[in-house]
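S.K.:
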Amino acid sequence: MEERLDQRLDQRLAQHEVRTKLFIDEQLAQKFSEQDSKFARWMTTIQNDLLYLSKSVHQINSRMTRSETRFENDIIKKRKNAARIVDPGTTLLPLYSIHTGTAIPNFPQTCKALCQMDVDALKPILRALELRVDGDLEDLRDRLHLAIM
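The working numbering numbers the first residue of the sequence shown as -13 and each following residue consecutively.
See the structure below:
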């Protein structure tokens, strides 16, 4: 009888070990599945962030290219204006705002017009060129004259 009891105990112990192993395997599978889901969400988030960054960098590059082109055009116009500045009646080419990309409003059409501008006309142009607006009338005219050259 003792032998039979030992066999029964061994049998129950083996069944318990199997059930415990199955339970542990199920728990591990569930945890791995949860971790896989978390990892997949993280990867999706990272991919979305990288896509957003890529688009942002592309937009920045486009803006930089446009700004560089406008800057180069302004340099060319300044050189042309400087070559023409000898004659007060020579037409000046307008400079462009680096912020808006548009021609600066009320830009003088000739050197003579520049020399006749008052403080109120000069300050908005100098601000658009990001130049100082302090000083007297001659200082402001000189600053714009230098910006054109």
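From the three backbone atoms N, C-alpha and C, an ideal C-beta is built for every residue, glycine too.
Using 8 angstroms as the cut-off, can you tell me whether the region 105 to 118 makes contact with the region 127 to 135, which would need three or more C-beta pairs spanning the two stretches below that distance?
M.R.: yes
S.K.: Pick helix, strand or coil for THR86, following the three-state DSSP scheme.
M.R.: Numbered from 1 along the sequence shown, position 100 holds the residue referred to as residue 86. Of the three classes helix, strand and coil, the one that applies to THR86 here is coil, per DSSP.
S.K.: State the Cα-Cα distance for the pair LYS24 and ASP35, rounded to the nearest angstrom.
M.R.: Here residue 24 is taken as the residue at index 38 of the sequence shown, counted from 1. Here residue 35 is taken as the residue at index 49 of the sequence shown, counted from 1. Whole-angstrom Cα-Cα distance: 16 angstroms.
S.K.: Identify the continuous alpha helix (DSSP H) that holds VAL105 and give its terminal residues.
M.R.: Numbered from 1 along the sequence shown, position 119 holds the residue referred to as residue 105. For VAL105, the enclosing alpha helix (DSSP H) has its first and last residue at 105 to 114.
S.K.: Would you please state the rounded distance, in angstroms, between the beta carbons of LEU123 and ASP104? I believe it to be under 8 angstroms.
M.R.: As a first step, residue 123 must be located in the sequence shown, where it is residue number 137. As a first step, residue 104 must be located in the sequence shown, where it is residue number 118. Right, the Cβ-Cβ distance comes to about 7 angstroms (below 8 angstroms), so this counts as a contact.
S.K.: Determine the extent of the alpha helix (DSSP H) in which LEU126 is found, giving its start and end residues.
M.R.: Numbered from 1 along the sequence shown, position 140 holds the residue referred to as residue 126. LEU126 -> alpha helix (DSSP H) spans 123 to 134.
S.K.: Can you tell me where the alpha helix (DSSP H) holding LEU100 begins and where it ends?
M.R.: Sequence index remark: in the sequence shown, residue 100 carries index 114 (1-based). Note, LEU100: alpha helix (DSSP H), 97 to 101.
S.K.: Would you kindly work out how many angstroms separate the C-alpha atoms of MET29 and GLN13, rounded to a whole number?
M.R.: Mapped onto the sequence shown, residue 29 falls at position 43. Mapped onto the sequence shown, residue 13 falls at position 27. Spanning the two alpha carbons is a distance of roughly 24 angstroms.
S.K.: What is the DSSP secondary structure of THR55, counted as helix, strand or coil?
M.R.: Counting from one through the sequence shown, the residue named residue 55 turns up at place 69. In this structure, THR55 counts as helix in the three-state DSSP scheme.
S.K.: Here's the rule: buried if 16 or more other CB atoms are within 10 angstroms of the residue's CB, otherwise exposed. What is ASP60?
M.R.: Residue 60 sits at position 74 when you count from the first residue of the sequence shown. Its Cβ being crowded by 16 or more others within 10 Å, ASP60 is buried.
S.K.: Please classify ARG31: does DSSP put it in a helix, a strand, or coil?
M.R.: As a first step, residue 31 must be located in the sequence shown, where it is residue number 45. The question names Arg, but residue 31 in the sequence shown is Thr. Here THR31 sits in helix by DSSP.
S.K.: Give the C-beta separation of THR88 and TYR82 to the nearest angstrom, bearing in mind that I take them to be a contact with Cβ-Cβ under 8 angstroms.
M.R.: Here residue 88 is taken as the residue at index 102 of the sequence shown, counted from 1. Here residue 82 is taken as the residue at index 96 of the sequence shown, counted from 1. That belief holds up - the Cβ atoms of THR88 and TYR82 are roughly 6 angstroms apart, short of 8 angstroms.
S.K.: Could you pull out every residue in the same chain whose Cβ sits closer than 8 angstroms to the Cβ of SER84, ignoring the five residues on either side in sequence?
M.R.: Position 98 of the sequence shown, counted from the start, is the residue given in the question as residue 84. Looking at the sequence provided, one finds Ile at residue 84 rather than Ser. Around ILE84: SER53, ARG56, PHE57 and GLU116.
S.K.: Please report the straight-line C-alpha distance between LYS7 and THR31, rounded to a whole angstrom.
M.R.: Taking the first residue of the sequence shown as 1, we reach residue 7 at position 21. Taking the first residue of the sequence shown as 1, we reach residue 31 at position 45. Straight-line Cα distance between these residues: approximately 36 angstroms.
S.K.: PRO80: which of VAL4, MET135 and GLU(-11) sits nearest, CA to CA?
M.R.: Residue mapping note: residue 80 aligns to position 94 of the sequence shown, counting from 1. Among VAL4, MET135 and GLU(-11), the Cα nearest to that of PRO80 belongs to MET135.
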